[in-house]
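Single-structure report; data block below.
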Amino acid sequence: MSEELSIGFIGAGKMAAAMAKGFVNSGLVKPSNLIASDPIPAGREAFRKELKCKTTDSNANVLTQAKIVFLAFKPHQLEEATKPIRDQFNNDHLVVSILAGVKLSKLNIACGGRARVVRVMPNTPALVGEGACGFAISESSLSTDSELVKRLLSSVGIAYEVKENLIDAITGLSGSGPAYGYTVIDALSDGGVAAGLPRDVATKLAAQTMLGAAKMVLKTGRHPCELKDMVCSPGGTTIEGIHELEEGGIRSALINAVRAATERATELGKID
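993 is the number that this note's numbering gives to position 201 of the sequence shown; each next residue is one higher, with no gaps.
Rendered as structure tokens:
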């Protein structure tokens, strides 16, 4: 980047640390240009040790020292965290929120109506650099903000810009999706145990199989159904397994899970 970035985090938890680590490892920001605030001393110390950067108990210090500010605390803490510093936000600040369910309009008010705000829906695999994020930018954002946010988020996985009205769908799919994946892995592991495998072996085989299948989709660019058909030999074992999955309604169950989680995200977004 032509200009050195200065990035701050209000909230120094695991997701904040994972993102900061991705930014540093990708060369997007120097540790000396990072700062994080947290009211809990242990949280600050853990962040400082991992990132070799400055930490503080003052949110105001973050605004003073960083132009890109990530809001990385619990959604219900928004007013408590921003009210004392509301008049210190300005249009030089790009505020990136990872607060689930908090809309751009509310973020804009929380930041005094002056900062450029972005709403992000990350997911927990960002903790291991394999996140899937969706983000929406506000009308006050600059034309370059979208590209910048995408570059930052891509350091911990993949990122797609969407209209804000699709953030709930992102929540239902990739936000909640890891839990669906864990459920599938756990069920496959149970199947392996039922077939005689030791639990630890069954779980690792199930997890690696799902990881490999996901990489096949992403790296080949082929449709999942095409890849499935490549494994299903006529009269073979796999097509028998697929038949059982279809009889059990796995497709409908997963589709309904995404729809239900999306609807719940919409409901929660209406709660002030």
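Yeah, the Cβ is synthetic: ideal placement off N, Cα and C, and Gly gets one too. Computed from a predicted structure; not experimentally measured.
Contact belief for residue i with residue j at Cβ below 8 Å, rounded distance in angstroms
{"i": "residue 948", "j": "residue 810", "result": "6 Å"}
{"i": "residue 879", "j": "residue 908", "result": "Going by Cβ atoms, the distance from residue 879 to residue 908 rounds to 17 Å, so no, they are not a contact pair."}
{"i": "residue 944", "j": "residue 820", "result": "6 Å"}
{"i": "residue 941", "j": "residue 888", "result": "6 Å"}
Where the beta strand (DSSP E) containing residue i begins and where it ends
{"i": "residue 835", "result": "Careful: residue 835 lies outside any beta strand (DSSP E), inside the alpha helix (DSSP H) at 833–843."}
{"i": "residue 847", "result": "846–848"}
{"i": "residue 951", "result": "949–953"}
{"i": "residue 802", "result": "799–802"}
{"i": "residue 828", "result": "826–829"}
Cα-Cα separation between residue i and residue j, rounded to whole angstroms
{"i": "residue 1005", "j": "residue 921", "result": "18 Å"}
{"i": "residue 794", "j": "residue 1010", "result": "Residue confidence for residue 794 is low, a pLDDT of 42 falling below 50, so the modelled location carries little weight; the figure read from the coordinates is stated next. Going by the C-alpha atoms only, they are around 31 Å apart."}
{"i": "residue 866", "j": "residue 807", "result": "11 Å"}
{"i": "residue 919", "j": "residue 860", "result": "20 Å"}
{"i": "residue 857", "j": "residue 802", "result": "12 Å"}
{"i": "residue 985", "j": "residue 999", "result": "14 Å"}
{"i": "residue 891", "j": "residue 845", "result": "23 Å"}
{"i": "residue 796", "j": "residue 896", "result": "27 Å"}
{"i": "residue 913", "j": "residue 963", "result": "7 Å"}
{"i": "residue 1044", "j": "residue 904", "result": "44 Å"}
{"i": "residue 836", "j": "residue 848", "result": "7 Å"}
{"i": "residue 1061", "j": "residue 935", "result": "27 Å"}
{"i": "residue 1033", "j": "residue 1040", "result": "11 Å"}
{"i": "residue 875", "j": "residue 902", "result": "7 Å"}
{"i": "residue 1037", "j": "residue 987", "result": "17 Å"}
Residue-chain proximity (residue i, chain D), Cβ-Cβ < 7 Å
{"i": "residue 923", "result": "Judged by its chain identifiers, the structure shown contains no chain D, having just a single protein chain."}
Which listed residue (the options) has its alpha carbon closest to that of residue i
{"i": "residue 1042", "options": "1001, 993, 980", "result": "980"}
{"i": "residue 965", "options": "1008, 796, 1027, 926", "result": "926"}
{"i": "residue 976", "options": "1046, 900, 914, 899", "result": "1046"}
{"i": "residue 1058", "options": "855, 959, 871, 796", "result": "959"}
{"i": "residue 830", "options": "869, 996, 817", "result": "869"}
{"i": "residue 956", "options": "929, 971, 882", "result": "929"}
{"i": "residue 916", "options": "974, 1024, 1033", "result": "974"}
{"i": "residue 824", "options": "812, 834, 882", "result": "812"}
Residue i beta carbon near the ligand GTP (any heavy atom closer than 6 Å)
{"i": "residue 958", "result": "With respect to small molecules bound, the structure shown includes none, and the ligand GTP cannot be examined in it."}
Boundaries (first-last residue) of the alpha helix (DSSP H) holding residue i
{"i": "residue 1009", "result": "991–1012"}
{"i": "residue 963", "result": "Note, residue 963: premise wrong, no alpha helix (DSSP H); not H, not E."}
{"i": "residue 968", "result": "No alpha helix (DSSP H) holds residue 968; DSSP gives it neither H nor E."}
{"i": "residue 1054", "result": "1042–1061"}
Next on the checklist: Suppose only complete runs of 3+ residues qualify. What are the beta strand (DSSP E) ranges in the stretch 857–929, listed by chain order?
Outcome noted: Those beta strand (DSSP E) runs which fall completely within the stretch 857–929 and span 3+ residues are 860–863, 886–889, 908–913, 923–929.
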